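So the structure is just underneath, and the comments pick up after that.
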Amino acid sequence: FRAVQSLSLLDAGLAGILLGLSALTREVALYFIPVVAIGMWASLARAPKALKFIKTFGCVLVFSCLMVFPWVLRNFLLFQRFIPICTNGGLNFYMGNNPEATGLYMDKRPPGTVNPKTIQGASPKDYISLELDFYHKGYQEGWKFIKSNPFRFAQLFLKKIWLFWRPPYYQIDFK
Numbered sequence: 056f057r058a059v060q061s062l063s064l065l066d067a068g069l070a071g072i073l074l075g076l077s078a079l080t081r082e083v084a085l086y087f088i089p090v091v092a093i094g095m096w097a098s099l100a101r102a103p104k105a106l107k108f109i110k111t112f113g114c115v116l117v118f119s120c121l122m123v124f125p126w127v128l129r130n131f132l133l134f135q136r137f138i139p140i141c142t143n144g145g146l147n148f149y150m151g152n153n154p155e156a157t158g159l160y161m162d163k164r165p166p167g168t169v170n171p172k173t174i175q176g177a178s179p180k181d182y183i184s185l186e187l188d189f190y191h192k193g194y195q196e197g198w199k200f201i202k203s204n205p206f207r208f209a210q211l212f213l214k215k216i217w218l219f220w221r222p223p224y225y226q227i228d229f230k
């Protein structure tokens, strides 16, 4: 928030570092990048200065990328392809975009995949292969669902936006 208000390069760099570190623990933090961009642009609304926006938001992006780069490099060396942050992306994408999706969490695996964690005695190479299969088939099947059900996807998307941004809901059980 301070970076959005002050538009200083120091604050933008610190915001980028925190955003990148947050993304390493929970990649959903990456969704805040457009929010930061909109906030910074709105801060300049009084006296729009495109160059100031490019510098400060660019600083946020550069420092965010620097924070996640070691892990992205590790993934590239291990999997021999570009995988930002984690291999759960395909699985999560499919869980949210399949014929049974409701917008809430569900444990749904892409058809034809085997969960690598359920195979005992698998070699590291086998494990990597199965994990990549999850990653690719999850995105493939999720996109297939979206293309064949665009209106259902729109409904799910709006519900997920609401669920993500709504105030926290806590149920307290005094039993």
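Heads up: the sequence shown begins at 56 in my numbering, then just goes up one per residue.
Think of the CB as a built atom: it goes at the ideal place given N, C-alpha and C, for glycine as much as any other residue.
Remember, predicted model here, so these are calculated numbers, not experimental data.
Local conformation of residue i per DSSP, three classes
i	result
E82	helix
T168	coil
I31	Absent from the model: residue 31. The displayed extent of the chain is 56 to 230, so no value can be given.
I72	helix
A156	coil
K163	coil
S77	helix
L213	helix
S61	helix
R207	helix
F219	helix
Limits of the alpha helix (DSSP H) - the one that residue i falls within
i	result
V123	A105 to F134
G145	N143 to G151
Q195	P179 to S203
G94	F87 to S98
Other residues of its chain near residue i: CB distance less than 7 Å, five sequence neighbours each side excluded
i	result
W126	L79 and I140
L64	K110, T111 and C114
V117	G71
Cut-off 6 Å between Cβ atoms - residues of its own chain near residue i, not counting five sequence neighbours on either side
i	result
I138	N130
W217	none
G75	S119, M122 and V123
A58	D66, A67 and A70
D188	T168
Classification of residue i by the beta-carbon crowding that lies within 10 angstroms, buried from 16 upward
i	result
Y86	exposed
V90	exposed
S167	It is worth fixing the name first, because residue 167 is Gly in this sequence and not Ser. When all chains shown are included, G167 counts as exposed.
F56	exposed
P165	buried
E186	buried
L146	buried
G176	exposed
A156	buried
Y160	exposed
Within 7 Å, strictly: CB atoms of residue i and residue j
i	j	result
A67	C114	yes
F200	N152	yes
G197	F148	yes
G71	S119	yes
Chain-order list of residues whose beta-carbon lies under 8 Å from that of residue i (same chain, five-residue window excluded)
i	result
I174	D181, Y182 and L185
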